[in-house]
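My numbering puts the sequence shown at residues 25 to 270.
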Amino acid sequence: MNVLYRLTVTETKLTLREPIVMFFGIVLPALLLTIIGLVPAFREANPDLGGARTIDLYVPIVIVMAGTMLALAVLPQAFAANREKGVLRRMATTPVRPAALLAAQLLNLVLFSVVATVIVLAIGRLGYGVALPSNLFGYLLFYVLGLVTMLSLGLLVAALAPTTAAASAIGTVLYFPLLFFAGLWAPREAMSDLLRRISDFTPLGAIVQGLNDATAGVWPQLLHVAVMVGWIVVTGGLAARYFRWQ
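Next comes the structure, spelled out in structure tokens:
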């Protein structure tokens, strides 16, 4: 436990020294929500969105965007870099196993994802009157499930990518389509029935809708829970199958 704690602290310090990671993982989500909230029309109820305000719908989208950036960009590239440099191979000959470093990296990303989430929720609530989750327990459970889903996908990319450049390319290719179905370019409520149905079966679309449901005070739909569990089983299983330390 002491080894894991020290490794996590070290990984956190290294992340804090990476301005690009801090910008895209923490600053950009907060900045994006702030800009959206500055548009007067986005703070008014919109009949085309079922009477919801645009700013309300974008809070979970931005939260998911931050977590996905950390899971699909930071995790695979960091792991691929350590593998390329032989760090993991050398660790295998010491009492500190490579798995401990991976666990520390995962805990580090969870920490930064939680920080980004708290900042986004605070901006939404204090700046624009966005309601906090009515079903807090359901929100937290679904948030944790969402984190596991995103990190499982990131681990799969880390398992398949042979180099840092490949990890970056694969993460980028996945990042934008997933965010599209999460509603970043157009909220799910503004999508056509077909696009919304497809979104229901994507990991980020399911996460966003589940967080919206919990915010409204109801439990996330069983469909979205099943979709996320399915993604975890498939991506986690493939990651375990193809994972390599060297």
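For every residue, glycine included, the Cβ atom is placed at its ideal position computed from N, Cα and C. Given the structure is predicted, the values throughout are model-derived calculations rather than measurements.
beta-carbon Ile194 near the ligand COA non-hydrogen atom, thresh 6 Å = This structure does not include the ligand COA; it has no bound ligands of any sort.
In whole angstroms, what is the alpha-carbon distance linking Pro43 and Ala95?
-> Counting from 1 along the sequence shown, the entry for residue 43 is found at position 19. Counting from 1 along the sequence shown, the entry for residue 95 is found at position 71. Straight-line Cα distance between these residues: approximately 17 Å.
Can you list, in chain order, the stretches of the beta strand (DSSP E) that have 3 or more residues and sit fully within the stretch 133-213?
-> none
Environment of Pro71 [buried if 16+ CB atoms lie within 10 Å] | Along the sequence shown, read from residue 1 onward, the residue named residue 71 stands at position 47. When all chains shown are included, Pro71 counts as exposed.
Minimum C-alpha distance to Leu38 - residue among Asn132, Gly162, Gly170 = Residue 38 sits at position 14 when you count from the first residue of the sequence shown. Of the listed residues, the one whose Cα sits closest to Leu38 is Asn132.
Option in Ile50, Leu56, Glu35, Asn26 with minimal Cα separation from Thr209 | If you number the sequence shown from 1, residue 209 lands on position 185. Correcting the residue type first, residue 209 is Trp in the shown sequence and not Thr. When each option's Cα is compared against that of Trp209, the closest is Leu56.
Take Gly260 and list the residues in its own chain whose beta-carbon comes closer than 6 Å to its own, dropping the five residues that flank it on each side.
-> Position 236 of the sequence shown, counting from 1, holds the residue named residue 260. For Gly260, where only same-chain residues beyond five positions count, the Cβ hits under 6 Å are Ser176.
Taking the alpha helix (DSSP H) that Phe103 falls in, what are its first and last residues?
-> On the sequence shown, position 79 is the one that residue 103 refers to. Looking at the DSSP string, the run of the alpha helix (DSSP H) that includes Phe103 is 99-108.
Alpha helix (DSSP H) segment containing Arg67, residue limits | To locate residue 67, count along the sequence shown from 1; it is residue 43. From DSSP, Arg67 is part of no alpha helix (DSSP H); its letter is neither H nor E.
Take the Cβ of Asn106 as the centre, count every other Cβ of all protein chains shown within 10 Å, and call the residue buried at 16 or more, exposed below.
-> Within the sequence shown, the letter at position 82 stands for residue 106. Per the 10 Å Cβ criterion, buried.
Going by Cα to Cα distance, which pick from Ile79, Leu165, Leu31 is closest to Met252?
-> Counting from 1 along the sequence shown, the entry for residue 252 is found at position 228. Checked all of Ile79, Leu165, Leu31; the closest Cα to Met252 is Leu165.
Straight-line gap, Val242 to His248 (C-alpha atoms, nearest Å) | For the purposes of this step, residue 242 is identified with residue 218 of the sequence shown, where counting begins at 1. For the purposes of this step, residue 248 is identified with residue 224 of the sequence shown, where counting begins at 1. Their backbone Cα atoms lie some 13 Å apart in a straight line.
Residues in its own chain within less than 6 Å of Leu23 by CB, not counting five upstream and five downstream?
-> Not covered by the structure: residue 23. The range shown for the chain is 25 to 270.
For Arg77, does the three-state DSSP call read helix, strand or coil?
-> In the sequence shown, residue 77 corresponds to position 53, counting from 1. Arg77: strand per DSSP, three-state reduction.
Residue range of the alpha helix (DSSP H) that Val253 falls in?
-> As a working mapping, residue 253 is identified with position 229 in the sequence shown. Note, Val253: alpha helix (DSSP H), 246-266.
Please say whether Leu235 and Leu202 have beta carbons closer to each other than 7 Å?
-> As a first step, residue 202 must be located in the sequence shown, where it is residue number 178. As a first step, residue 235 must be located in the sequence shown, where it is residue number 211. Not in contact: Leu202 and Leu235 (Cβ atoms no closer than 7 Å).
Which of helix, strand or coil does DSSP assign to Val45?
-> Here the question's residue 45 lines up with position 21 in the sequence shown. If DSSP states are grouped into helix, strand and coil, Val45 belongs with the helices.
Euclidean distance between Cα positions of Glu35 and Thr58 = As a working note, residue 35 is residue 11 in the sequence shown. As a working note, residue 58 is residue 34 in the sequence shown. Straight-line Cα distance between these residues: approximately 29 Å.
Are there 16 or more other CB atoms within 10 angstroms of the CB of Gly207, so buried, or fewer, so exposed?
-> Within the sequence shown, numbered from 1, the residue matching residue 207 stands at position 183. Under this definition Gly207 is a buried residue.
For Glu68, which residues of its own chain have a beta-carbon under 8 Å away from its beta-carbon, when the five flanking residues on both sides are left out?
-> Position 44 of the sequence shown, counting from 1, holds the residue named residue 68. So the qualifying residues of the chain are Arg77.
In angstroms with no decimal places, state the Cα-to-Cα distance between Thr223 and Gln233.
-> In the sequence shown, residue 223 corresponds to position 199, counting from 1. In the sequence shown, residue 233 corresponds to position 209, counting from 1. Looking at the sequence provided, one finds Ser at residue 223 rather than Thr. Distance between the alpha carbons of Ser223 and Gln233 is about 9 Å.
Would you kindly report the start and end of the unbroken alpha helix (DSSP H) that includes Thr58?
-> Reading the sequence shown from its first residue, position 34 is the one you call residue 58. First-last of the alpha helix (DSSP H) with Thr58: 52-62.
Please say whether Val144 and Asp80 have beta carbons closer to each other than 7 Å?
-> As a working mapping, residue 80 is identified with position 56 in the sequence shown. As a working mapping, residue 144 is identified with position 120 in the sequence shown. The answer is no: Cβ separation not under 7 Å.
Got a sec? Which residues, its chain only, sit under 6 Å from Arg212 by beta carbon, not counting five neighbours each side?
-> In the sequence shown, residue 212 corresponds to position 188, counting from 1. Contacts found: Arg220, Ser223.
Can you tell me whether DSSP reads Met215 as helix, strand or coil?
-> Here the question's residue 215 lines up with position 191 in the sequence shown. In the structure shown, Met215 sits in coil (DSSP, three-state: anything other than H, G, I, E or B).
Close Cβ partners of Gly74 (< 6 Å) along its chain, the five nearest in sequence each way excluded = Working through the sequence shown from its first residue, we reach residue 74 at position 50. Result list for Gly74: Glu213, in chain order.
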